[in-house]
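For reference, the structure discussed in these notes is given below.
Chains as they are written, first to last, in my numbering: chain A, 25 to 601; chain B, 25 to 601.
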């Protein structure tokens, strides 16, 4: 029974106070791992079908103070899952279907560890949920765009985040053993939401009728068997003795529809080379300078050298190929800063290098749409840029001489909340330099959509096709500040005399505003236009969950989340707000 | 200057403590008013153009403890605006354009009163914002569906909620006098969001580029003149000496496109007859029984008598006509309960009467799409039902023998979070009664859309056209419990033996859950499918604003909202979440 599972997660011996202390000690978190280091997941590959088996080590929590019972998870468990999903895409072109299943007896996954949630700071909870959401979106992205269809083989009870993980899969098979169920017990037991996509996917993806969805979310024991199938909570209820066979059958059927190559050679994803100093993080193509007084991170992405990029070169160089190497570094940096550097509220985005080379590398991706690896690199770049869109930091792009905001890297400027582009050159520095320029490329025209399904240009010029066309007409041609202003591609174009003051004032001003109000402002402005399951999860569902996380009814001393497992009932302020 | 205006709103003599005390004394709030009672607004009608002039009485606050300086508003001011918008639609068919303007010197509207916000409880702030949002949506609805186009004649500075009011209008004209500006100073000055639609409408309705929108929201002094027009914040910047003329010109141009009748006779909206007892509220067609122990309100809507409804009858009876009378009563009850009865968390929705008569009244609206009054009644019913969708109360429909959940009233069951329909009759009560039945009608097929643009049936059966078609095939035919269950129109169909227990348990269970988690759950489940500006405002923007309202950075003793006007700067926790 789910309720039993969830309740058994909590351990009354763990004093919440002690755990809270521990949670504060969690940083810095590393997002780098590899299968040989996994403690909670196992990857087994059998022909075109991979199986990801979750068997969480109880004492393997990222932070001390809680036990990861019954396949409950914390950020550390999810970091491994993220790594596995990435590696399956890049290292295993032969894998065409992925089965997620549980490795413990009677339980698929009991969701996020409650003791961990109860003892975590607000920012930790929010960051944890954001990352798990991105990973689940990545699972859906693999199914939709990578020819790797995910199936949930729910071989025991899936509760809360456990069921939400299954919801991210294309198909859900639930074992029919008289006890295994799917459930969302957050409302009745914890006073919070199924906030990792659950409330959105259940009605928007699986089309569960809203009144049945309502009933479902009030049943801590969940729903099983044929009822679960009839309500569309699962796709099939399968007897235990035929479960493995049926899972394999479905996985092979999904694999048969994939366009991934049978005989492609995967590429390795070796550990990133990252040098950390007190105020600097340096990778090969990305570096970040941390200014704790200013509250900023100055991020610089370096373009590729003149490497005559080609599709053969991509396969030969693999993870060393510029686009992929840069993307992996940027991905890691975003995750690091988000989780470990909460008070650095403004990110300054710069590039340096040769715009032509960036565009040449982009073209390899565009010109080889049928190549599985080019496809993977493109979608990975897309996912990494999407992380920026949901990052709760102000982003300011600084476009200077010597920069290479072109094509893929122009997306950084378009993802920023505002941009400053130098009109001309820095006279004192290098009066003979070429003036700052940016260049639109094919990749800006739709291949790297935001969560709302539009390109960043399309969102910027919402329904203004003429404005987009003007940019389209300039593809491949460097655009200097005056033109960029006219085209609406940058916000400000100060000259050498004004540059330093304008940028400094903007940064100082940003630091003076309420960090919370900035987060809300940016979350609303960044997603104009249509909404998708993804934007609903990050915009609407997350915002409500964050509100609830902040309310005494959940997180107060007498709140449901804090009281859970103590044997005491929560005390609620009954006012409906 | 906006900043000066906003700062001048605050009066250092008002101690926040005293104001907080006062805010708690605000209930019960009455939503009934009429032009002769207005303290803050004036309606002037000149041919096809009405002018709504805002001249807020400083000492006219709904609650004591703050002064409504510089055309700042509180709930009381907005109740008058709502009343005016309603009356213009029903009482003035000849009005085809409505100009909103300011009646004070140099100021259009300074937005929500900050002292009021700072001293209000969380629930008060949330309810206040919800109602003002609904009123602004109503202004847009009048423009879109009523042939009454709203124009904002911004004859002085419009800051914060003042500019958001202008954003609800179809056109914004700003006087060019060297000082009047539009602004959203919430972020820099108060640490909260422009949460009454501002952040959504600026990018989604007016298509202001997101980076310019970002800059705009950081400028407490706002933007004026040609820059405001170029950024699309306004439609026109107009010199003071030609302002009145240009406003009239634009209003007449808008009026010329209206299909409202030149010579129609308006109908009066007399005061509602409402009887309040300790635990009961009774109107002619709507009554509510309040159970404070259970935390419920039992709402019963009575159907029309056999009045041979007709379009002539509608015009003759006016506000006494069943559909309009019932809608006005329901509207008032929803607003009353939301604002004044926060702890009654579950609303039980019942109907009683003759389904055929409900459908006959519906048909008058359907059969006369060109009749301005039928059109108004239909859209008013739509808006009132929409209020249910954004009401933070659990709603359970109870479908019993003698009920009339048909057509317009079936929407109540479809708006509910779940429904119980008796299979058969209550044997002990009336064994010979007709079994409980519900009836779909034409009005359920799209004429009463939710905020997401879909009918409630369409949202319920998202993308499942076959399920909708099955209901469509049964239009006009009573459907009993077994069929209703099969068709997916109701959640449960207990029989006489189980009815009482099942309903009681559902109600008790609802009362045991976290009120906040229920609010979040329902807000997510109720809006599956597409999103619109309206759902973005109520879903995404509101959720972020509520989160921010709850954060110490805004509402803590040292937060920006509480510190505003005290001369002390806010102290922020700099962590970005």
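Positions of the beta carbon are idealized from the N, C-alpha and C atoms, including for glycine.
beta-carbon residue 526/B near the ligand FAD non-hydrogen atom, thresh 6 Å: This structure lacks the ligand FAD; in fact it carries no ligand of any kind.
query: In angstroms, rounded to a whole number, what distance separates the CA positions of residue 470/B and residue 93/A?
result: Numbered from its first residue, the second chain carries residue 470/B at position 446. Numbered from its first residue, the first chain carries residue 93/A at position 69. The straight-line gap from Cα to Cα measures roughly 49 Å.
query: Candidates 61/A, 297/A, 593/A, 136/A: which alpha carbon is nearest residue 537/B's?
result: Taking the second chain and counting its residues from 1, the one referred to as residue 537/B is at position 513. It is 593/A.
- prompt: What does residue 73/B reach in chain A if we use C-beta pairs closer than 8 Å?
  reply: Within the second chain, numbered from 1, the residue matching residue 73/B stands at position 49. Going along chain A, no residue has its Cβ under 8 Å from residue 73/B, so there is no contact; the nearest lies around 30 Å.
message: Using the three-state DSSP reduction, which class does residue 133/A fall into: helix, strand or coil?
response: Translated into the one-based positions of the first chain, residue 133/A becomes position 109. Note: residue 133/A maps to strand in three-state DSSP.
query: Is residue 61/A helix, strand or coil when you go by DSSP?
result: Along the first chain, read from residue 1 onward, the residue named residue 61/A stands at position 37. If DSSP states are grouped into helix, strand and coil, residue 61/A belongs with the helices.
message: Taking only three categories from DSSP, how would you classify residue 9/A?
response: Summary: the structure shown does not reach residue 9/A, with chain A confined to residues 25 through 601, and so no result is reported for it.
message: Checking 7 Å against the spacing of the C-beta atoms, do residue 261/A and residue 338/A come in under that value?
response: Numbered from its first residue, the first chain carries residue 261/A at position 237. Numbered from its first residue, the first chain carries residue 338/A at position 314. Result no, Cβ atoms of residue 261/A and residue 338/A do not sit closer than 7 Å.
query: Listing by chain order, which chain B residues have their CB less than 7 Å from the CB of residue 549/A?
result: By one-based count along the first chain, residue 549/A stands at place 525. Near residue 549/A (Cβ distances below 7 Å), the residues of chain B are 223, 227, 234, 237, 238.
query: In this structure, does DSSP put residue 539/B in helix, strand or coil?
result: The count along the second chain starts at 1 and reaches residue 539/B at position 515. Looking at residue 539/B - three-state DSSP - the assignment turns out to be helix.
task: Using only alpha-carbon positions, find the residue among 579/A, 483/A, 429/A that is nearest to residue 327/A.
output: The residue labelled residue 327/A in the question sits at position 303 within the first chain. That would be 429/A, whose Cα lies nearest to the Cα of residue 327/A.
field: residue 287/B versus residue 170/B: straight-line alpha-carbon distance, rounded
entry: Reading the second chain from its first residue, position 263 is the one you call residue 287/B. Reading the second chain from its first residue, position 146 is the one you call residue 170/B. For residue 287/B and residue 170/B, the distance between alpha carbons rounds to 15 Å.
query: For the region 430-450 of chain B against the region 371-382 of chain B, are there 3 or more C-beta pairs whose distance is under 8 Å?
result: yes
- prompt: How many Å lie between residue 564/A and residue 332/B at the Cα?
  reply: Residue mapping note: residue 564/A aligns to position 540 of the first chain, counting from 1. Residue mapping note: residue 332/B aligns to position 308 of the second chain, counting from 1. Looking at the two C-alpha atoms, the distance is approximately 46 Å.
field: Closer than 7 Å to chain A by CB, residue 55/B
entry: For the purposes of this step, residue 55/B is taken as residue 31 along the second chain, with counting starting at 1. Chain A, which has no Cβ nearer than 7 Å to the Cβ of residue 55/B, makes this no.
query: From the DSSP output, which residues share a beta bridge with residue 200/A?
result: As a position in the first chain, residue 200/A is number 176, starting the count at 1. DSSP lists 263/A as partners of residue 200/A.
- prompt: Going by Cα to Cα distance, which pick from 574/A, 115/A, 467/A is closest to residue 499/A?
  reply: Counting from one through the first chain, the residue named residue 499/A turns up at place 475. Of the candidates 574/A, 115/A, 467/A, the one whose C-alpha sits nearest the C-alpha of residue 499/A is 467/A.
task: Show which residues of chain B have a CB atom less than 7 Å away from the CB atom of residue 147/A.
output: Taking the first chain and counting its residues from 1, one reaches residue 147/A at position 123. Simply 599, 601.
field: Three-state class that DSSP yields for residue 126/B in the structure shown
entry: Along the second chain, read from residue 1 onward, the residue named residue 126/B stands at position 102. Of the three classes helix, strand and coil, the one that applies to residue 126/B here is strand, per DSSP.
Closest residue to residue 399/A among 210/A, 461/A, 283/A (Cα-Cα distance): Sequence index remark: in the first chain, residue 399/A carries index 375 (1-based). The shortest Cα separation from residue 399/A among 210/A, 461/A, 283/A belongs to 283/A.
field: 7 Å Cβ cutoff, residue 595/A in contact with chain B
entry: Residue numbering aside, residue 595/A sits at position 571 when the first chain is read from its first letter. Chain B contact via Cβ: absent.
- prompt: So, does the CB of residue 215/B fall closer than 7 Å to a CB anywhere in chain A?
  reply: Within the second chain, numbered from 1, the residue matching residue 215/B stands at position 191. Residue 215/B counts as touching chain A.
Residues bridged to residue 442/B (per DSSP): Position 418 of the second chain, counting from 1, holds the residue named residue 442/B. Partner(s): 420/B.
Whole alpha helix (DSSP H) elements within the region 329-417 of chain A, 4-residue minimum: 335-341, 346-364, 379-391, 396-413
- request: Quick one: which residues of the region 412-432 of chain B get their C-beta closer than 8 Å to a C-beta of chain A? List them in chain order.
  value: 416, 417
query: Roughly how many whole angstroms lie between the Cα atoms of residue 91/A and residue 161/A?
result: One-based indexing of the first chain puts residue 91/A at position 67. One-based indexing of the first chain puts residue 161/A at position 137. Those two C-alpha atoms are separated by around 27 Å.
- prompt: Where does residue 28/B sit, in a helix, a strand or coil, going by DSSP?
  reply: Locating residue 28/B in the second chain gives position 4, counting from the first residue. Low confidence applies to residue 28/B: its pLDDT is 41, below 50, so where it sits in the model is not reliable, and the reading given next is rough at best. Looking at residue 28/B - three-state DSSP - the assignment turns out to be helix.
message: Tell me which residue opens and which closes the alpha helix (DSSP H) that residue 309/A is part of.
response: Along the first chain, one-based indexing puts residue 309/A at 285. First-last for residue 309/A: undefined, no H or E at that position.
Contacting positions in the region 573-584 of chain B - beta carbon closer than 7 Å to chain A: 574, 575, 577, 578, 584
message: Any beta carbon of chain A sitting closer than 7 Å to that of residue 588/B?
response: Reading the second chain from its first residue, position 564 is the one you call residue 588/B. No - not a single Cβ of chain A is within 7 Å of the one on residue 588/B.
task: Mark residue 493/A as exposed unless 16 or more other C-beta atoms lie within 10 angstroms of its C-beta, in which case mark it buried.
output: As a position in the first chain, residue 493/A is number 469, starting the count at 1. By the neighbour-count rule (16 or more Cβ atoms within 10 Å), residue 493/A is not buried but exposed.
- request: Within its chain, find whatever has a CB closer than 8 Å to the CB of residue 295/A; leave out the 5 residues flanking it on each side and keep chain order.
  value: What you label residue 295/A is simply residue 271 of the first chain in a count that begins at 1. Cβ within range, chain order: 56, 58.
- prompt: Between the beta-carbon of residue 474/B and the beta-carbon of residue 441/B, is there less than 7 Å?
  reply: Numbered from its first residue, the second chain carries residue 474/B at position 450. Numbered from its first residue, the second chain carries residue 441/B at position 417. Taking 7 Å as the Cβ cut-off, residue 474/B and residue 441/B do not qualify as a contacting pair.
- prompt: Using a C-beta to C-beta distance shorter than 8 Å, which residues of chain A count as neighbours of residue 367/B?
  reply: Along the second chain, read from residue 1 onward, the residue named residue 367/B stands at position 343. Within chain A, the residues near residue 367/B are 598, 599, 600.
query: Is there contact here, the region 402-413 of chain A with the region 341-356 of chain A, by at least three beta-carbon pairs under 8 Å?
result: yes
- request: Report yes or no: is there a C-beta of chain B within less than 7 Å of the C-beta of residue 571/A?
  value: Counting from 1 along the first chain, the entry for residue 571/A is found at position 547. So, interface residue.
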